[in-house]
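Enquirer:
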Amino acid sequence: MDLQKLLTKAKQTGVLSLRDQNLPSLPSEIYDAETISAGVSFYEAMPIKRLEIVNSQLKAIESAELEKLENLEALILQKNLIQIFAPAELPSLKLLDLSANKLTSFPDISGFGQLKIVVLSSNPIKTLEISSDSIVTLELNACALSTLTVDCPSLIDLQIDANKLTSLDLQNLTKLTKLSAKRNLLHRLTNYEGCANLASVDLEMNRFSSTPLSCELFSNIQLLYNLISINLNNNQLRSTPENLFLAQNLQIFQANDNEISNILLPKGCFWTASKLEILSLSCNNLQEIPGEIGLLNNLKRLILVGNPMRKMSRISQEASVLKAKEFLVSKLPLDHAIYKKEVELDEKNNDKNIQLQINNTQLDTMTNSGVKLIFCNQKLPGSLFTSNVENIVLLKLEKIIGFNQDTMDTFCEHLGRFSQLKELVLRGISDIPEIILASVPNLQKVDLSQMRNLQFFQCADMPQLQYLTVQQCILEDFVMDRIENLVYLDIQQNKLSIVPPSVYKQENIQFLDVSQNQIKAVSKQVFRLRKLQNLNLGQNSIQYLPSELGLLGPAVEHSDARTKLFAGRLQQVGVQGNYLVRPSKAVAGRGTKAILQYLREVLDFELFIEELNL
Numbered sequence: 007m008d009l010q011k012l013l014t015k016a017k018q019t020g021v022l023s024l025r026d027q028n029l030p031s032l033p034s035e036i037y038d039a040e041t042i043s044a045g046v047s048f049y050e051a052m053p054i055k056r057l058e059i060v061n062s063q064l065k066a067i068e069s070a071e072l073e074k075l076e077n078l079e080a081l082i083l084q085k086n087l088i089q090i091f092a093p094a095e096l097p098s099l100k101l102l103d104l105s106a107n108k109l110t111s112f113p114d115i116s117g118f119g120q121l122k123i124v125v126l127s128s129n130p131i132k133t134l135e136i137s138s139d140s141i142v143t144l145e146l147n148a149c150a151l152s153t154l155t156v157d158c159p160s161l162i163d164l165q166i167d168a169n170k171l172t173s174l175d176l177q178n179l180t181k182l183t184k185l186s187a188k189r190n191l192l193h194r195l196t197n198y199e200g201c202a203n204l205a206s207v208d209l210e211m212n213r214f215s216s217t218p219l220s221c222e223l224f225s226n227i228q229l230l231y232n233l234i235s236i237n238l239n240n241n242q243l244r245s246t247p248e249n250l251f252l253a254q255n256l257q258i259f260q261a262n263d264n265e266i267s268n269i270l271l272p273k274g275c276f277w278t279a280s281k282l283e284i285l286s287l288s289c290n291n292l293q294e295i296p297g298e299i300g301l302l303n304n305l306k307r308l309i310l311v312g313n314p315m316r317k318m319s320r321i322s323q324e325a326s327v328l329k330a331k332e333f334l335v336s337k338l339p340l341d342h343a344i345y346k347k348e349v350e351l352d353e354k355n356n357d358k359n360i361q362l363q364i365n366n367t368q369l370d371t372m373t374n375s376g377v378k379l380i381f382c383n384q385k386l387p388g389s390l391f392t393s394n395v396e397n398i399v400l401l402k403l404e405k406i407i408g409f410n411q412d413t414m415d416t417f418c419e420h421l422g423r424f425s426q427l428k429e430l431v432l433r434g435i436s437d438i439p440e441i442i443l444a445s446v447p448n449l450q451k452v453d454l455s456q457m458r459n460l461q462f463f464q465c466a467d468m469p470q471l472q473y474l475t476v477q478q479c480i481l482e483d484f485v486m487d488r489i490e491n492l493v494y495l496d497i498q499q500n501k502l503s504i505v506p507p508s509v510y511k512q513e514n515i516q517f518l519d520v521s522q523n524q525i526k527a528v529s530k531q532v533f534r535l536r537k538l539q540n541l542n543l544g545q546n547s548i549q550y551l552p553s554e555l556g557l558l559g560p561a562v563e564h565s566d567a568r569t570k571l572f573a574g575r576l577q578q579v580g581v582q583g584n585y586l587v588r589p590s591k592a593v594a595g596r597g598t599k600a601i602l603q604y605l606r607e608v609l610d611f612e613l614f615i616e617e618l619n620l
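In terms of our numbering, the sequence shown is residues 7 to 620.
#1: State the DSSP-derived secondary structure class of residue 215, mapped to helix, strand or coil.
#2: With which residues is residue 224 paired in a DSSP beta bridge?
#3: If you draw a straight line from the C-alpha of residue 152 to the C-alpha of residue 250, how long is it?
#4: As a quick exercise: from 128, 58 and 20, pick the residue whose alpha carbon is nearest that of residue 40.
#5: Pick from 253, 284, 158 and 190: whose alpha carbon is nearest that of residue 310?
#6: In terms of residues, what are the limits of the beta strand (DSSP E) holding residue 623?
#7: Can you tell me the Cα-Cα spacing of residue 231 and residue 279, whole angstroms?
#8: Going by CA-CA distance only, name the one from 489, 478, 458 and 482 that's closest to residue 449.
#9: Using 8 Å as the threshold, is the C-beta distance between residue 169 and residue 190 below it?
#10: Using a Cβ-Cβ cut-off of 7 Å (strictly less than) and excluding sequence neighbours within five positions of residue 216, which residues of its own chain qualify?
#11: Pull up the distance between the alpha-carbon of residue 164 and that of residue 456, whole angstroms please.
#12: Please report how far the alpha carbon of residue 465 lies from the alpha carbon of residue 140, in whole angstroms.
#13: How many Å lie between residue 599 and residue 577 at the Cα?
#14: Helix, strand or coil for residue 556 per DSSP?
#15: Does the Cβ of residue 99 have 16 or more other Cβ atoms within 10 Å, making it buried, or fewer, making it exposed?
#16: Apart from the five residues on each side of it in sequence, which residues of its chain come closer than 6 Å, Cβ to Cβ, to residue 148?
#17: Would you check if there are 3 or more beta carbon pairs closer than 8 Å linking the region 498-506 to the region 519-531?
#18: Just the C-alpha distance for residue 297 and residue 342, rounded to the nearest angstrom, thanks.
#19: DSSP three-state label for residue 562, please.
#20: Please list, in chain order, all residues of the same chain as residue 486 whose beta carbon is under 6 Å from its beta carbon, the five residues on each side excluded.
#21: Quick one: grab the DSSP three-state call for residue 329.
#22: Suppose you measure from the CA of residue 281 to the CA of residue 596; what does that come to, to the nearest Å?
#23: Classify residue 15 as helix, strand or coil using the three-state DSSP reduction.
#24: Mind checking residue 315: buried by the 16 CB within 10 Å criterion, or exposed?
#25: Would residue 59 be called buried (16 or more neighbouring beta carbons within 10 Å of its own) or exposed?
#26: If you run the structure through DSSP and keep just helix, strand and coil, what is residue 619?
#27: Report, in whole angstroms, the separation of the C-beta atoms of residue 517 and residue 535, which I expect to be a contact under 8 Å.
#28: Could you check how far apart the C-beta atoms of residue 192 and residue 209 are, in whole angstroms? I think they sit under 8 Å.
#29: Do you know how far the Cα of residue 581 is from the Cα of residue 587?
#30: Between the Cα of residue 143 and those of 275, 262 and 120, spot the shortest distance and give me the residue it belongs to.
#31: Which residues bound the alpha helix (DSSP H) around residue 207?
#32: Between the Cα of residue 61 and those of 29, 515 and 178, spot the shortest distance and give me the residue it belongs to.
#33: Would a C-beta distance cut-off of 8 Å place residue 476 and residue 484 closer than the cut-off?
#34: My output table needs one value for residue 482: the three-state DSSP class, helix, strand or coil.
#35: Jot down the residue ranges of each uninterrupted beta strand (DSSP E) in the region 33-109, minimum 3 residues, whole runs only, in chain order.
#36: Quick one: residues in its chain with C-beta nearer than 7 Å to the C-beta of residue 366, no 5 flanking neighbours on either side, listed in chain order?
What follows is the structure in structure tokens.
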């Protein structure tokens, strides 16, 4: 090991890396790396921000000595022989990786105020109590954990695969988004009610059963509003949880290799609101499934292989989910609610409610500054639906009123009477009558979602508009004109090949999301968006970011007085899922600040000024 050469490289890159060495203890030169010149001038030397000692037989770290590396942001000590870790005063530390060592305990790290990621996987730790206000990712895979207490209110990602846990307490994990607890002995989750942000739960190969205690999670599953995916493969379930289909945003449910013989359904018309896309129940004991499963509008995959479905053998191997759904619906009895005149009954009840409200309304008071109208293709919770549009204008207008496509055109004739309308939401409507936006110039918020025929959209002469969402359509072109106060624009999940040129004229915009399109380039004109704070370009086909984008970084990040004149407020740039060449993936991986700094460094400022004057 050439220590001098190693230190020289560290001073040039800010990374001090030792791999595959035989170092029971570290040389003092490592701890003194900040003060040793190593042939690099003071002005060119970079602070040591990352220390990597990997697979080097290291047995201990001298905490007091380690504190000399005061700028350290990442400490990676993988695959060593460390038995005890004593915390050091490292105020800038964000990543601590002690995976694959010999730790049997872990100290209090609450004093690490900037620590974001902790990795302790593959250590023989049986009992662990960890508390931190800053940690967002905690990895504890393949330890010997039988008891775990986590008090980390900022935690987003918890990975505890391959342990010996029998229960898990989620109290105070209010920001938890992802939970992976595969290959444990779990039979219960407790205090999950506050985990409203939980999106993904992986409980494969545990001991969850169909007992009320084990299925407690599902008794209040509607509280987990953001839950998208559940994996319960290889457990001991005898039936699916009764309230499973009440999870408002659940898209994926997997319970393969259990003992399920029955699919329990909640009361009511649950299928109208369900967003379930994948239902996977292979290798269970199902002989048939309820016909109501065929009514799930969003269901794209129904996996039932390996079940003794003698009564429904036709669909057990069915490759087409559409044919399977058609078959299931055909098995519904004739007196089923789907065949009744349920819609007519609802309309009659709604008309009665409308009449009651009319009787209690002073018709000479028509203030409508707080009205919120929602058009949609299905009933929304808390909405008042009606087909009698003549009664609409007689209501107190702070109500939420929903319409389907059939009544929408008729309602547009009355839209002029809502001239002060502030918010308009259209979801799943096939077409937008041009009269809508033209008739309500005082709109402040417009949401156009899931417009299946919307390829082109033009928005003009709406001086009050601040929030505009046009997502999950097939938008190929988009034009805005005279929208001076727009601060929020979300046009994700469309088919745009470029960021629409009119977007660069919205100089008050603060949030811009163009992710999940087909965008290949971003214009140099992006520098005009000096109030932009959040820009999401993720999941596109972008190779090169314009160097002018770097100008939008906050003034305090500019080292060049010339570029500082064009400084903006940009705090977050999302570029994941692109094919970046400039900046490189290495630069992009370091985050927004590094991206913007790099772009400023490669900017030809003289050429920029010349083009600006032209």
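Every residue, glycine too, gets a C-beta built ideally from N, C-alpha and C.
Expert: On the basis of the coordinates in this document:
#1: The residue you call residue 215 lines up with position 209 of the sequence shown. In the structure shown, residue 215 sits in a strand (DSSP, three-state: E or B).
#2: Walking along the sequence shown from the start, residue 224 turns up at place 218. Bridge partners of residue 224 according to DSSP: none are assigned.
#3: Here the question's residue 152 lines up with position 146 in the sequence shown. Here the question's residue 250 lines up with position 244 in the sequence shown. Whole-angstrom Cα-Cα distance: 29 Å.
#4: By 1-based counting over the sequence shown, the position of residue 40 is 34. Nearest option by C-alpha distance: 20.
#5: As a position in the sequence shown, residue 310 is number 304, starting the count at 1. Minimum Cα distance to residue 310 is reached at 284.
#6: The question about residue 623 has no answer here: the residues shown for the chain are numbered 7 through 620.
#7: Here residue 231 refers to the residue found at position 225 when the sequence shown is read from its first residue. Here residue 279 refers to the residue found at position 273 when the sequence shown is read from its first residue. Computed Cα separation, rounded: 13 Å.
#8: The residue you call residue 449 lines up with position 443 of the sequence shown. Checked all of 489, 478, 458 and 482; the closest Cα to residue 449 is 489.
#9: Locating residue 169 in the sequence shown gives position 163, counting from the first residue. Locating residue 190 in the sequence shown gives position 184, counting from the first residue. Contact: yes.
#10: Taking the first residue of the sequence shown as position 1, residue 216 is located at position 210. The beta carbon of residue 216 sits closer than 7 Å to the beta carbons of 243, 244 and 245 from its chain, once the five residues preceding and following it are set aside; these are given in chain order.
#11: Taking the sequence shown and counting its residues from 1, the one referred to as residue 164 is at position 158. Taking the sequence shown and counting its residues from 1, the one referred to as residue 456 is at position 450. Roughly 33 Å separates the two Cα atoms.
#12: On the sequence shown, residue 465 is found 459 positions in, with the first residue counted as 1. On the sequence shown, residue 140 is found 134 positions in, with the first residue counted as 1. Approximately 42 Å, taken between the alpha carbons.
#13: Taking the first residue of the sequence shown as 1, we reach residue 599 at position 593. Taking the first residue of the sequence shown as 1, we reach residue 577 at position 571. In a straight line, the C-alpha of residue 599 is about 8 Å away from that of residue 577.
#14: Residue mapping note: residue 556 aligns to position 550 of the sequence shown, counting from 1. Reduced to three states, the DSSP call for residue 556 is helix.
#15: Residue 99 sits at position 93 when you count from the first residue of the sequence shown. Sixteen is the threshold: when 16 or more other Cβ atoms of the shown chains lie within 10 Å of the Cβ of residue 99, as they do, the residue is buried.
#16: On the sequence shown, position 142 is the one that residue 148 refers to. So the qualifying residues of the chain are 127, 128 and 168.
#17: Contact check between the region 498-506 and the region 519-531: three or more CB pairs, one atom from each, fall below 8 Å, which counts as touching.
#18: As a working note, residue 297 is residue 291 in the sequence shown. As a working note, residue 342 is residue 336 in the sequence shown. Linking residue 297 to residue 342 through their CA atoms gives a straight-line distance of about 10 Å.
#19: Counted from its first residue, the sequence shown places residue 562 at position 556. Helix at residue 562.
#20: Taking the sequence shown and counting its residues from 1, one reaches residue 486 at position 480. Closer than 6 Å at the Cβ level, and outside the excluded window around residue 486, lie 465 and 508.
#21: On the sequence shown, position 323 is the one that residue 329 refers to. Helix, per DSSP.
#22: As a position in the sequence shown, residue 281 is number 275, starting the count at 1. As a position in the sequence shown, residue 596 is number 590, starting the count at 1. Taking the straight line joining both Cα atoms gives about 36 Å.
#23: On the sequence shown, residue 15 is found 9 positions in, with the first residue counted as 1. When secondary structure is reduced to three states using DSSP, residue 15 falls in the helix class.
#24: For the purposes of this step, residue 315 is taken as residue 309 along the sequence shown, with counting starting at 1. Burial call: buried.
#25: Indexing the sequence shown from 1 puts residue 59 at position 53. Residue 59 sits buried, since 16 or more C-beta atoms from the chains shown fall within 10 Å of its C-beta.
#26: Mapped onto the sequence shown, residue 619 falls at position 613. Helix at residue 619.
#27: Sequence index remark: in the sequence shown, residue 517 carries index 511 (1-based). Sequence index remark: in the sequence shown, residue 535 carries index 529 (1-based). About 11 Å separates the two Cβ atoms, so there is no contact after all.
#28: Residue numbering aside, residue 192 sits at position 186 when the sequence shown is read from its first letter. Residue numbering aside, residue 209 sits at position 203 when the sequence shown is read from its first letter. Rounded, the Cβ-Cβ distance is 6 Å, consistent with contact.
#29: In the sequence shown, the residue the question calls residue 587 occupies position 581. In the sequence shown, the residue the question calls residue 581 occupies position 575. One C-alpha to the other measures close to 12 Å.
#30: Within the sequence shown, residue 143 is the residue found at index 137, counting from 1. The residue with the shortest Cα to Cα distance from residue 143 is 120.
#31: The residue you call residue 207 lines up with position 201 of the sequence shown. Where residue 207 is concerned, there is no enclosing alpha helix (DSSP H), although the beta strand (DSSP E) it sits in stretches over 206-208.
#32: The residue given as residue 61 occupies position 55 in the sequence shown. Comparing C-alpha distances from residue 61 to each of 29, 515 and 178 shows the shortest one belongs to 29.
#33: Within the sequence shown, the letter at position 470 stands for residue 476. Within the sequence shown, the letter at position 478 stands for residue 484. Taking 8 Å as the Cβ cut-off, residue 476 and residue 484 qualify as a contacting pair.
#34: Residue numbering aside, residue 482 sits at position 476 when the sequence shown is read from its first letter. Here residue 482 sits in coil by DSSP.
#35: Counting whole runs of 3 or more residues, the region 33-109 contains the beta strand (DSSP E) stretches 56-60, 80-82 and 101-103.
#36: Reading the sequence shown from its first residue, position 360 is the one you call residue 366. Confidence at residue 366 is low in this model, with a pLDDT of 44, below 50, so the placement of that residue should be treated as unreliable; the coordinate-derived value is given next. Sequence-distant Cβ neighbours of residue 366 in its own chain, meaning closer than 7 Å and more than five residues away, do not exist here.
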